[in-house]
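Residues in the sequence shown are numbered from 4 upward in steps of one, following our numbering.
A virtual CB, placed ideally from N, CA and C, is assigned to each residue, including glycine.
To keep things clear, I will list the structure first and then write my remarks on it.
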Amino acid sequence: MEPIHFTSVIVPAFNTELFIGRCLRSLLHQSVNDKSYEIIIIDDGSVDRTPYAISQFCDPYESLIKVVTNKKNIGLSASLNKGIISSKGDYIVRVDSDDYVSSHFIEFLRFYLDSNKTADAVACDYVTVDDNENIISRFDASTKPVGCGIMFHKNQLIECGLYDPEFLCHEERELRFRFEKKYNIEHLPLPLYRYRENENSLTNNRDLMEKFKNKLISKHGPEAAF
4 MEPIHFTSVI VPAFNTELFI GRCLRSLLHQ SVNDKSYEII IIDDGSVDRT PYAISQFCDP
64 YESLIKVVTN KKNIGLSASL NKGIISSKGD YIVRVDSDDY VSSHFIEFLR FYLDSNKTAD
124 AVACDYVTVD DNENIISRFD ASTKPVGCGI MFHKNQLIEC GLYDPEFLCH EERELRFRFE
184 KKYNIEHLPL PLYRYRENEN SLTNNRDLME KFKNKLISKH GPEAAF
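What follows is the structure in structure tokens.
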């Protein structure tokens with residue numbers, strides 16, 4: 004029997020006091036042995052009650068949760084890199100702090116990579132939900148990808164250079180563009196991820212999104228357009 008690949012879940016957090024508790028509850032109640040994974044939260048200088056909300060889930064004697072606190076806000080990409088570098092997992096998967104996941108999230112993604120040796124990474128499908136957790140739509144991650152719900156081999160993420168800290172958004176597209184030049188991301192058609200749509204989401208900042216879309220094209224050429 005092959006050994007289980009230890010998994011690190013990276014949770015970047017900035018001013019998500021209202022939702023991070025739901026995220027952490029879903030990650031703490033996974034269907035896998037709690038000795039086989041860790042949750043790394045990177046609090047990127049939150050100025051609301053996010054640190055307090057996180058503290059409610061941290062047992063000082065035995066906890067799956069490790070908290071990395073940035074004294075000042077350094078941005079999503081740099082925070083994700085800190086989490087990945089400080090992790091001890093063979094596999095890495097990102098979950099944003101205002102989202103949540105199925106209880107089989109780690110189990111099914113990890114089983115896919117363990118069972119398919121030619122797979123470098125695997126992305127699950129996702130459903131969008133509103134603030135009351137009502138399902139809005141289901142999406143196929145192979146045709147409409149997002150940055151979360153993709154399980155990677157940690158060594159391959161490091162080899163391709165991690166996230167570019169200059170990208171304040173579209174960081175997942177920029178990473179994916181580089182990653183897929185050498186590696187493959189396969190598709191698991193199960194909706195294991197819950198992507199919360201809310202009006203304060205960074206993806207609703209159209210000017211910022213357009214600015215970094217142009218930066219992405221400037222860095223990688225027109226083939227990076229979407």
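I need the straight-line Cα distance from residue i to residue j, nearest angstrom please.
i    : j    : result
E189 : N158 : 17 Å
E65  : F170 : 35 Å
A56  : P225 : 42 Å
T19  : L116 : 31 Å
N119 : L160 : 18 Å
V98  : V12  : 7 Å
L219 : F182 : 14 Å
L191 : S221 : 32 Å
I95  : V130 : 21 Å
L112 : V125 : 7 Å
E177 : K216 : 9 Å
D51  : G164 : 32 Å
D123 : G92  : 15 Å
N201 : F60  : 24 Å
Mind checking residue i: buried by the 16 CB within 10 Å criterion, or exposed?
i    : result
D128 : buried
S140 : exposed
N137 : exposed
S34  : exposed
N187 : exposed
R197 : buried
At what residues does the beta strand (DSSP E) containing residue i begin and finish?
i    : result
E41  : 40–46
S302 : The chain is shown only over 4 to 229; residue 302 falls outside these bounds and no answer can be derived.
V132 : 124–132
E7   : Inspection of the sequence shows that residue 7 is occupied by Ile rather than by Glu. Neither: I7 is in no beta strand (DSSP E) and is coded neither H nor E.
S140 : 138–142
Can you list, in chain order, the residues of its chain with a C-beta nearer than 8 Å to that of residue i? Leave out the 5 residues immediately preceding and following it.
i    : result
N208 : C172
S89  : I43, K69, V71
M4   : Any reading at M4 is ruled out, since the residue's pLDDT is 48, under 50, leaving its predicted position unreliable.
Report all residues from its chain with a CB closer than 6 Å to the CB of residue i; omit the five preceding and five following residues, and keep chain order.
i    : result
Y40  : T10, I109
R317 : Any answer about residue 317 is impossible in this case: the structure gives the chain only from 4 up to 229.
G48  : N73, K75, N76
H32  : S106
A81  : P168
P15  : I45, L79, S82, L83
R25  : Y103
On the DSSP letters alone, give me the boundaries of the alpha helix (DSSP H) that residue i sits inside.
i    : result
S221 : 209–223
I161 : 157–162
3 or more residues per run - each beta strand (DSSP E) lying fully within the segment 173–197
none
Whole runs of the alpha helix (DSSP H) within the segment 30–116, excluding any shorter than 4 residues
53–58, 79–89
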